[in-house]
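Heads up: the structure comes next, in structure tokens.
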Amino acid sequence: MLACLRKTRVHPVSDNNDSSNNNHINTSNQTIKASTTPSAPKVVDFVRRNGLTLPLHPLQVIAWFFILFFAVSYFVFMIPCMPSKEAKWIAGVINGVVLTAHLVIHALSVYCNPADDNVIQRYSSKAKPTPFDRSKHEHVIENQFCYICEVLVGPKSKHCSVCNKCVSQFDHHCKWLNNCVGGKNYR
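Note that the sequence shown covers residues 1 to 187 in this note's numbering.
This is the structure:
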């Protein structure tokens, strides 16, 4: 156990001979040279238009599976086992209306593009998002200007890191819908 702890300890070592801007980290078996210079910004050219944009989130697929599973099991197995014909009709109609309403609201929430209007206009012309450079700006959105989307956004807009776009009245990114929840699909 002590040998395992010794191998995982990290000790900074000062090296007076090296005048470059690098740090040296010494482990029990090797010396690792870690650079403190910032790496090149990651180029992201992906913008999720709605919840149906690939890749689908695994929780979204699981949600669809369970909606289908419970609907089929209810209407195929449970309703036929009810004692009277009137109970079958009442349960079928009420739960059919509830299931249909849920599916319509779910589909509208997934298919909706909750992005800020200026972002929709910019990305409709096949423009690509720009990489964000933290050395120039502290935040992605400053003074209502998004440096990734390169547009002016509303005062309640936030940039979603999953969808890579600014969403008006951003609340959260829902993994079950694979879409952002904002002002356009919140109501």
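Idealized CB from N, CA, C, for every residue including glycine.
Subject >> N-terminal and C-terminal residue of the alpha helix (DSSP H) that LYS88 is part of >> reply: For LYS88, the enclosing alpha helix (DSSP H) covers residues 85-111.
Subject >> Alpha-carbon to alpha-carbon, ILE79 and GLY92 >> reply: For GLY92 and ILE79, the distance between alpha carbons rounds to 7 Å.
**OP:** Compute the distance between the beta-carbons of CYS166 and VAL119, then report whether it is under 9 Å.
**Re:** Taking C-beta atoms as the reference points, CYS166 and VAL119 count as a pair closer than 9 Å.
Original post:
What are the partner residues of ALA115, as DSSP defines its beta bridges?
Top reply: The partner list for ALA115 (beta bridge, DSSP) reads VAL167.
**OP:** Might you give, ordered along the chain, the residues of its own chain that have their beta carbon closer than 6 Å to the beta carbon of GLN121, omitting 5 neighbours on each side?
**Re:** Contacts found: none.
**OP:** Could you pull out every residue in the same chain whose Cβ sits closer than 7 Å to the Cβ of VAL151, ignoring the five residues on either side in sequence?
**Re:** Correct list, in chain order: ASN118, VAL119, ARG122.
Original post:
So is the beta-carbon of CYS163 under 8 Å away from any non-hydrogen atom of the ligand ATP?
Top reply: No copy of the ligand ATP appears in this structure; indeed no ligand is present at all.
Original post:
Can you give the Cα-Cα distance for LYS184 and PRO83, rounded to whole angstroms?
Top reply: Taking the CA atoms as reference points, LYS184 sits about 45 Å from PRO83.
Original post:
Going along the chain, which residues of its own chain have a beta-carbon closer than 7 Å to the beta-carbon of LEU99, five neighbours each way excluded?
Top reply: For LEU99, where only same-chain residues beyond five positions count, the Cβ hits under 7 Å are ALA71.
Original post:
Sorted by chain position, which residues of the same chain lie with C-beta nearer than 8 Å to LYS158's C-beta, five sequence neighbours on each side aside?
Top reply: Within the same chain, LYS158 has close Cβ partners ILE141, CYS166, VAL167, PHE170.
Original post:
Which first and last residues belong to the alpha helix (DSSP H) in which VAL162 is found?
Top reply: Element bounds for VAL162: n/a, residue is neither H nor E.
Subject >> C-beta contact flag for ASP116 and VAL61 at 9 Å >> reply: In this structure, VAL61 does not lie closer than 9 Å to ASP116 by Cβ.
**OP:** May I ask you to report which of helix, strand or coil DSSP gives PHE77?
**Re:** Correct three-state label for PHE77: helix.
Original post:
Exposed or buried, PRO55, counting other C-beta atoms within 10 Å across all chains shown (16 or more means buried)?
Top reply: With fewer than 16 other Cβ atoms from the protein chains shown falling within 10 Å of its own Cβ, PRO55 counts as exposed.
Original post:
If you check the beta carbons only, do ASN164 and PHE46 fall under 9 Å apart?
Top reply: Yes, the Cβ-Cβ distance between ASN164 and PHE46 is below 9 Å.
Subject >> Of the residues SER161, VAL181, TRP176, GLY182, the one placed nearest PHE65, counting alpha carbons only >> reply: Of the candidates SER161, VAL181, TRP176, GLY182, the one whose C-alpha sits nearest the C-alpha of PHE65 is TRP176.
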